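Numbering (this note's numbering), first residue to last: 246 to 944. Encoded as structure tokens, the structure appears first; notes follow it.
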Amino acid sequence: MAGKKDNKMKNMNRYMVGVCATSLISFACASTSAFAQTNSDDNKQSLALDAVIVSAGEPKIAIETPVSVSVIDQEGIESTQAATVGELIGNMPGVNMSGGVSALGQGFNIRGVGTSVGDSASDIIVRVDGVDKFFEAYRIGSSFAEPDIYKRVEVLKGPAAATLIGNGAIGGVISFTTKDPRDFLKGDDRAALRVKGQYDSNSEGIAASMIGAKLLSDNFGVLGMVTAREAEHYTDGDGAEVLPSEIVSKSYLVKGVYNFDGDEDHSLKLSYNKWLSDNTSYYDQQAGAFPSLVHRDVNDDTFLIAYNNGFSGNNFFDFETQISYALSNVDQTENTFAPTGLGLESTYRYASWQGRIQNTSEFASGDLWTTYLTYGIQGDTQERTNPRVKPDGSTQDGTTSHPDGDTQKIGVYAQTEIIYSDKLTIIPGVRYDTSKFEPGNGVPTLETSTVSGFSPKIAAMFNFTDSLGIFGSYTHAVRLPVLDEVFSFSRASSRGAARAPNLNLDPEESDNIEMGATLSMNDTLRKNDVFRAKLTYFKNDITNQISRASAGSLAYINIGEAEYNGFEIEGEYTSGRFFSRAAFSTTHGENALTGDFINTVPADQIDLTIGYALPNTRFNFGASTRIAFDQNDVSGSFSTSTEGYTILNVFASWKPDTILDGLEVRARIENFTDKTYRTHLSNLNAKGRTFRLSLAKTF
Numbered sequence: 246m247a248g249k250k251d252n253k254m255k256n257m258n259r260y261m262v263g264v265c266a267t268s269l270i271s272f273a274c275a276s277t278s279a280f281a282q283t284n285s286d287d288n289k290q291s292l293a294l295d296a297v298i299v300s301a302g303e304p305k306i307a308i309e310t311p312v313s314v315s316v317i318d319q320e321g322i323e324s325t326q327a328a329t330v331g332e333l334i335g336n337m338p339g340v341n342m343s344g345g346v347s348a349l350g351q352g353f354n355i356r357g358v359g360t361s362v363g364d365s366a367s368d369i370i371v372r373v374d375g376v377d378k379f380f381e382a383y384r385i386g387s388s389f390a391e392p393d394i395y396k397r398v399e400v401l402k403g404p405a406a407a408t409l410i411g412n413g414a415i416g417g418v419i420s421f422t423t424k425d426p427r428d429f430l431k432g433d434d435r436a437a438l439r440v441k442g443q444y445d446s447n448s449e450g451i452a453a454s455m456i457g458a459k460l461l462s463d464n465f466g467v468l469g470m471v472t473a474r475e476a477e478h479y480t481d482g483d484g485a486e487v488l489p490s491e492i493v494s495k496s497y498l499v500k501g502v503y504n505f506d507g508d509e510d511h512s513l514k515l516s517y518n519k520w521l522s523d524n525t526s527y528y529d530q531q532a533g534a535f536p537s538l539v540h541r542d543v544n545d546d547t548f549l550i551a552y553n554n555g556f557s558g559n560n561f562f563d564f565e566t567q568i569s570y571a572l573s574n575v576d577q578t579e580n581t582f583a584p585t586g587l588g589l590e591s592t593y594r595y596a597s598w599q600g601r602i603q604n605t606s607e608f609a610s611g612d613l614w615t616t617y618l619t620y621g622i623q624g625d626t627q628e629r630t631n632p633r634v635k636p637d638g639s640t641q642d643g644t645t646s647h648p649d650g651d652t653q654k655i656g657v658y659a660q661t662e663i664i665y666s667d668k669l670t671i672i673p674g675v676r677y678d679t680s681k682f683e684p685g686n687g688v689p690t691l692e693t694s695t696v697s698g699f700s701p702k703i704a705a706m707f708n709f710t711d712s713l714g715i716f717g718s719y720t721h722a723v724r725l726p727v728l729d730e731v732f733s734f735s736r737a738s739s740r741g742a743a744r745a746p747n748l749n750l751d752p753e754e755s756d757n758i759e760m761g762a763t764l765s766m767n768d769t770l771r772k773n774d775v776f777r778a779k780l781t782y783f784k785n786d787i788t789n790q791i792s793r794a795s796a797g798s799l800a801y802i803n804i805g806e807a808e809y810n811g812f813e814i815e816g817e818y819t820s821g822r823f824f825s826r827a828a829f830s831t832t833h834g835e836n837a838l839t840g841d842f843i844n845t846v847p848a849d850q851i852d853l854t855i856g857y858a859l860p861n862t863r864f865n866f867g868a869s870t871r872i873a874f875d876q877n878d879v880s881g882s883f884s885t886s887t888e889g890y891t892i893l894n895v896f897a898s899w900k901p902d903t904i905l906d907g908l909e910v911r912a913r914i915e916n917f918t919d920k921t922y923r924t925h926l927s928n929l930n931a932k933g934r935t936f937r938l939s940l941a942k943t944f
């Protein structure tokens, strides 16, 4: 039965690929005669440090933000040709994926925080269009997503972002923004259709997407998008097959945006996106350590209604509110891994309703002082269930390590941005969060648990000149416990004594200091060139860490302390048609109680990119390299060091105009030298040499 379901999904994916490929080939044949025509040139390169940041408060340019942030825009997403979210964000300084390499096996790590695939969801907040996404289960990843539906990714590093977003951001925040109807409509266009096909030589991967956007009126636009992706297990540089690394998935995005009186600051937005995978693969998606198979039917849904009103002409109101529903559901059947203990069939289900109300008021004092006060409240109620069917047909509610239960969260916050001319910005903020946990069936207690905490911060930036600035921040953030930590328990067995749920856990606490400098220069080496650079030092001390107990009567206790520190450097330079980027990141982490190294700290690495845009062709080409150093700072018998490596990638893109306007051709060769290597936080080897090609056409 599973094989039939797998083949059905793969056949549907291939059908969609065929439709998109036919459209692209037909257009290419019809347009061959126009190939030699002269194209206009608008190849001006955008800079990531000049990108406008919208997740940290009032919109501001990245280099002028007194916290560390990295951005990938639509062009960067298209250029990467990512098949997984890990491939999409893995090149950001200080940002890494951990665990496995498949779409079902990845977790997040920011500056060494993100302890494992499941636990990383507790220390890092992941949002899609402002909706929190959370999933945790044994031997499976914490994120299910199609990278092609996004037009923007912002990563706010460290806990400073917690004020406006939520508790749990000890590591940071990853914020994804999905595509909008007007992203594909130019000038007076009322409708657009975009088809895209992708190919990956290493895994014989294919992907196709189709987007339709239309203005139903001057104020109302709609978008529909469908994506299908399929890839076999890839091979590393030695030609060895890496298991598991296959992908079989589909995704859908439907969105409607109504702008009142044509005002983008006064709008109503409805959005629904769905990611699904129906496939038989390895039970262990993190490391392939258990080659047993299981059939997984994965459904991830996000529904959102959002309203904002900028109250044009009224500085006291800039109102935003949204209501959302998020569901992550994994059905496991035909499980051949330890079926007696875990069940032949099981379901991991997280369902949450979320709401947020926020307003920003602007106050001006004279011509030089401006103050923005942002304040709001958000709530979240989450239900988690984990029913299992055992070989004898009996049903079990949850397990000792994955109990059923409900969580209700409320947070209130306020942040002030005080700006003096273009010289000084001061940002104090405070947040209060409380969570209530209610046990589900199978938990050996009927008592509830409530925990709360404050998260204050202050950040500042001072510009000595138009070119040179310094910044710094201090943040005290809390990470409230999650359901597993409160209600997990164990029964007495040959492996150890019984341990009870801990209803009195304290929040984890982070004291984070950041400081750095920025440099913005124009017309330095030649006229109209641009140079941007940002240096950030951070020190993040975490106390009251929640860990599984190795002794005593409770399953989880507050016992750990960790210290992280390091720095990041980002630099960009463009001059005419030449562009280049460079980044370096290093992190050190140790157990503050024992002095042992923390095994979730990535290797130090350097990323370099250089490219050129040919005149009058809209053709770009270039190369990038990553230099990762040895990582020998590991502790424990189950942790292994990794050797350093250098990989080379080359890329090219062509976006012609005139009669070929709307066509995009992109090609990449990744790991050009076919190097065999493993990133330090991954359990599996990375891809060997890979050729990627994407063709897209907007009609």
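C-beta: ideal position from N, C-alpha, C; glycine also. A quick note: this is a predicted structure, and the numbers were derived from the prediction, not measured.
query, result
"Is the beta carbon of residue 420 closer than 7 Å to that of residue 372?", "yes"
"Are the CB atoms of residue 567 and residue 619 within a distance shorter than 7 Å?", "no"
"Give every residue of the same chain whose Cβ lies closer than 6 Å to the Cβ of residue 944, excluding the five residues on either side of it in the sequence, and list them in chain order.", "438"
"In three-state terms, what does DSSP make of residue 811?", "strand"
"Within a Cβ cutoff of 6 Å, which residues of the same chain sit near residue 937, ignoring the five residues on either side of it in sequence?", "326, 445 and 913"
"Can you tell me which residues form a DSSP beta bridge with residue 886?", "Bridge partners of residue 886: none, in fact."
"One question on the structure: do residue 692 and residue 748 come within less than 7 Å of each other, judged by their Cβ atoms?", "yes"
"Which residues in the same chain as residue 846 place their Cβ atom closer than 6 Å to its Cβ, once the five residues preceding and following it in sequence are excluded?", "357, 832 and 834"
"Could you check what DSSP says for residue 938 in three-state terms: helix, strand or coil?", "strand"
"In the structure shown, what three-state DSSP assignment does residue 932 receive?", "coil"
"Taking the straight line between their C-alpha atoms, what separation do you get for residue 708 and residue 669?", "6 Å"
"Leaving aside the five residues before and after residue 468 along the sequence, list all residues of the same chain whose C-beta is less than 6 Å from its C-beta, in chain order.", "426, 458 and 500"
"Determine the contact status of residue 932 and residue 447, defining contact as a CB-CB distance below 7 Å.", "yes"
"Does residue 509 pass the burial test, meaning 16 or more other C-beta atoms within 10 Å, or should it be called exposed?", "exposed"
"So for residue 446, helix, strand or coil by DSSP?", "coil"
"Ignoring anything shorter than 3 residues or poking outside the region 532-620, list the beta strand (DSSP E) runs there in chain order.", "538-554, 564-578 and 590-610"
"Would you check if the distance between the CB atom of residue 925 and the CB atom of residue 800 is smaller than 7 Å?", "no"
"Where residue 491 and residue 605 are concerned, what is the direct C-alpha to C-alpha distance, given to the nearest angstrom?", "46 Å"
"With distances taken Cα to Cα, identify the nearest neighbour of residue 338 among 352, 313 and 323.", "313"
"Kindly confirm or deny that the region 331-348 and the region 891-911 touch, where touching means at least three C-beta pairs closer than 8 Å.", "no"
"What first and last residue would you give for the beta strand (DSSP E) that runs through residue 662?", "650-665"
"If we call anything under 7 Å between Cβ atoms a contact, is residue 422 one with residue 394?", "no"
"Starting from residue 515, trace the beta strand (DSSP E) in both directions and tell me its first and last residue.", "511-527"
"Where does residue 278 land, buried or exposed, given buried means 16+ other C-beta within 10 angstroms?", "Confidence is the limiting factor: at residue 278 the pLDDT is only 32, short of 50, which leaves the residue's position unreliable, though a coordinate-based value still follows. Residue 278 comes out exposed."
"So, residue 216 versus residue 888, is the Cβ gap smaller than 7 Å?", "The displayed coordinates of the chain run from 246 to 944. Any statement about residue 216 would go beyond what the structure contains."
"Can you tell me whether DSSP reads residue 870 as helix, strand or coil?", "strand"
"Under 7 Å, Cβ to Cβ, is there at least one residue of chain C near residue 378?", "This model lacks chain C altogether; it includes just one protein chain."
"Assuming residue 775 contacts residue 753 (C-beta within less than 8 Å), just tell me the rounded distance between them.", "The pair is not a contact, with the Cβ atoms about 41 Å apart (cut-off 8 Å)."
"Look at the alpha carbon of residue 942 and the alpha carbon of residue 293, and state the distance between them as a whole number of angstroms.", "26 Å"
"Residue 324 by DSSP, collapsed to three states: which one?", "helix"
"With DSSP as the reference, label residue 843 as helix, strand or coil.", "coil"
"Using a Cβ-Cβ cutoff of less than 6 Å, which residues in the same chain neighbour residue 684 once the five nearest sequence positions on both sides are dropped?", "650, 690 and 732"
"Taking buried to mean at least 16 other C-beta atoms within 10 Å of its own C-beta, is residue 699 buried or exposed?", "exposed"
"Spell out the partners DSSP gives residue 492 in its beta bridges.", "476"
"Quick one: measure Cβ to Cβ for residue 297 and residue 306, integer angstroms, because I've assumed they're closer than 8 Å.", "6 Å"
"Let's test the definition: count the other Cβ atoms within 10 Å of the Cβ of residue 962 and tell me whether it reaches 16, buried, or not, exposed.", "No information on residue 962 is available, as it lies outside the stretch 246 to 944 that the chain covers here."
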